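Remarks on the structure that follows.
In our numbering, the protein residues as written are 7 to 258.
Take a look at the structure:
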């Protein structure tokens with residue numbers, strides 16, 4: 007299951023790196039203070055983290071504001087005070103891969119989950135400003151019921167003992183896994199079974215200190231979506247002629 011997850015995620019990441027694969031999308035991953043958006047026709051729009059930015063939108067920050075714009079392709083634009091930026095997104099080309107991208111990204115990241123994509127991009131890239139970063143599963147839907155939880159310790163002197171804490175946003179489920187001498191751990195077979203109907207939040211913390219990672223979420227793909235994904239996987243193999251050795255494969 008983990009192999010299928012990695013393969014599917016690699017395909018979606020390949021989409022982000024290929025201009026003809028699918029339309030790029032821009033949105034705010036963070037906003038501080040008053041930020042002004044003016045579209046290509048001169049009409050103003052409200053700036054929030056839920057605002058989808060269109061091609062030609064002009065973003066202006068004021069003296070006491072700042073904003074970060076994230077693109078699905080991984081590009082990030084940071085605007086400080088009194089800055090202006092005009093959004094340019096690539097146009098979509100209709101193709102089998104474009105359609106497939108929409109299907110897979112919807113299943114893996116969740117329908118319309120722009121903030122999830124930002125979270126996942128940041129998690130994989132790593133962030134030196136964080137002491138500990140939970141990297142997988144991060145803002146995603148997974149196939150496996152016993153995932154391998156992974157994290158990165160950015161501190162100058164990394165820890166050796168951690169506690170992975172998992173809880174549900176829906177029920178009272180909570181489970182903790184002590185870890186020693188590693189930065190990954192498999193969800194135990196003896197632990198309560200993870201369920202498709204739940205939405206989980208997890209963090210990793212230093213067992214001997216106060217440092218804790220930002221929380222990230224994940225859920226399990228339901229059986230119907232899993233079947234669809236596996237059928238799409240077969241089509242991907244045909245398109246790629248069974249070749250998974252392309253350098254793009256190793257973007258992860």
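Every residue gets a Cβ at the ideal spot worked out from N, C-alpha and C, and that includes glycine. The model shown is predicted, which means the values in this text are computed figures rather than measured ones.
Which runs of the beta strand (DSSP E) at least 3 residues long sit entirely within the stretch 179-225? Give them in chain order.
180-186, 190-192 and 206-212
Assess, as a yes-or-no matter, whether the stretch 196-203 is touched by the stretch 154-169 under the definition of 3 or more beta carbon pairs within less than 8 Å.
The count of Cβ pairs closer than 8 Å, one atom from the stretch 154-169 and one from the stretch 196-203, stays below three, leaving the stretches out of contact.
On the DSSP bridge assignment, give the partners of residue 66 in chain order.
42 and 90
Which residues in the same chain as residue 140 place their Cβ atom closer than 6 Å to its Cβ, once the five residues preceding and following it in sequence are excluded?
157, 210, 219 and 222
Note the first and the last residue of the continuous beta strand (DSSP E) segment covering residue 156.
154-159
Taking the C-alpha atoms as reference points, what is the distance between residue 194 and residue 186?
15 Å
Please report the distance separating the alpha-carbon of residue 37 from that of residue 55.
7 Å
Along the chain, where does the beta strand (DSSP E) that runs through residue 171 open and close?
167-174
What separation, rounded to the nearest whole angstrom, lies between the Cα atoms of residue 174 and residue 92?
40 Å
In the structure shown, what three-state DSSP assignment does residue 95 receive?
Residue 95 carries a coil assignment under DSSP once its states are collapsed to helix, strand and coil.
State the DSSP-derived secondary structure class of residue 53, mapped to helix, strand or coil.
coil
Does the distance from the C-beta atom of residue 40 to that of residue 64 stay below 7 Å?
No, these two residues do not count as a Cβ contact at 7 Å.
How about residue 153: is its Cβ closer than 6 Å to a heavy atom in the ligand HEM?
In the structure shown, the ligand HEM is absent, as is every other ligand, since no ligand is present at all.
Our contact map puts residue 148 next to residue 75 with C-beta atoms below 8 Å; I'd like the distance itself, whole angstroms only.
28 Å between Cβ atoms; not a contact.
Got a sec, what are the start and stop residues for the beta strand (DSSP E) residue 82 sits in?
Start and end: 82-85.
Taking C-alpha atoms, which residue in 167, 178, 52 and 143 lies nearest to residue 188?
167
Going straight from the alpha carbon of residue 46 to that of residue 95, what length do you get?
13 Å
Is the beta carbon of residue 69 less than 7 Å from the beta carbon of residue 87?
yes
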